[in-house]
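Residue numbers (the working numbering): 54 to 290. Glycine included, every Cβ here is placed at the ideal spot set by N, Cα and C. What follows is a set of notes on a single structure, which appears directly below.
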């Protein structure tokens, strides 16, 4: 088994400014990594770099052939317009297979079966014919994860996924992601500000402030200098 992604002294940025500098990182199949840091610390820039939307301005980035073929299932932050999208749950989930269609104008039987499989996997088959915009925030997140899994079941990249969710929906979301990771061995890379919860959820923490302040086991993060400073600053906000 080889890493999905290897960053060796990688810089990501725009024009003459690098928002992420000297990043060393390995992301393996089945990893559960949470990226934390203050606003402006480079988290969004890192996401764009790993998605291939930004090329490194320095260092070397390796992406496995397996990941290149399968791609990354990306769940961005939702806008108000996206939450109000007038389509059925099934239509939203099925649209995750668009990258598999090539030049075909219609979905194949295999793609429809994949959408059905992920509706079942996410426990939302009974919502199949419901309108997406009429769902709760937690239900919408399940739909979007099912959609992302129709693109790939190798690696999910989740960008601030609990924004706008109530406390019960947040805990339900974490249970779901942990199940996908442990039971189905789907790799998870999550950008989150919910630091106290992700310490208990993730296997590894990457703390950015342009450069890496911490990269290691989640169980050891709370005792690190980076965590003490970060958590102390947040409590004083």
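Rounded C-beta distance between residue i and residue j? I'm assuming under 8 Å.
i	j	result
residue 194	residue 226	6 Å
residue 208	residue 240	4 Å
Near residue i, which residues of its chain fall below 6 Å by C-beta distance, leaving aside the five closest residues on each side in sequence?
i	result
residue 152	204
residue 111	64
residue 143	181
residue 74	64, 263 and 264
Suppose the cutoff is 7 Å on Cβ atoms and the five residues either side in sequence are ignored; what does the same chain contact list for residue i look like?
i	result
residue 197	128
residue 150	160, 164, 167, 168 and 203
residue 146	168, 171, 172, 196, 199, 200 and 203
Are residue i and residue j closer than 8 Å when you measure CB to CB?
i	j	result
residue 94	residue 233	no
residue 213	residue 130	yes
residue 62	residue 77	yes
residue 116	residue 177	no
Mind checking who residue i pairs with in its DSSP beta bridge?
i	result
residue 184	141
residue 110	Residue 110 is not bridged to any residue.
residue 79	59
residue 270	257
residue 240	208
residue 251	For residue 251, which the question treats as bridged, DSSP gives no partner whatsoever.
residue 71	66
residue 151	Per DSSP, none; premise fails for residue 151.
Assign residue i to buried or exposed, taking buried as 16 or more other Cβ atoms, counted over all protein chains shown, within 10 Å of its Cβ.
i	result
residue 278	exposed
residue 122	exposed
residue 221	exposed
residue 55	exposed
residue 98	buried
residue 257	buried
residue 191	buried
Can you list, in chain order, the residues of its chain whose CB lies under 8 Å from that of residue i, leaving out five sequence neighbours each side?
i	result
residue 71	64, 65, 110, 111 and 263
residue 141	181, 182, 183, 184 and 185
Would a check of beta-carbon distances place residue i closer than 8 Å to chain B?
i	result
residue 119	The structure shown has no chain B; it contains just one protein chain.
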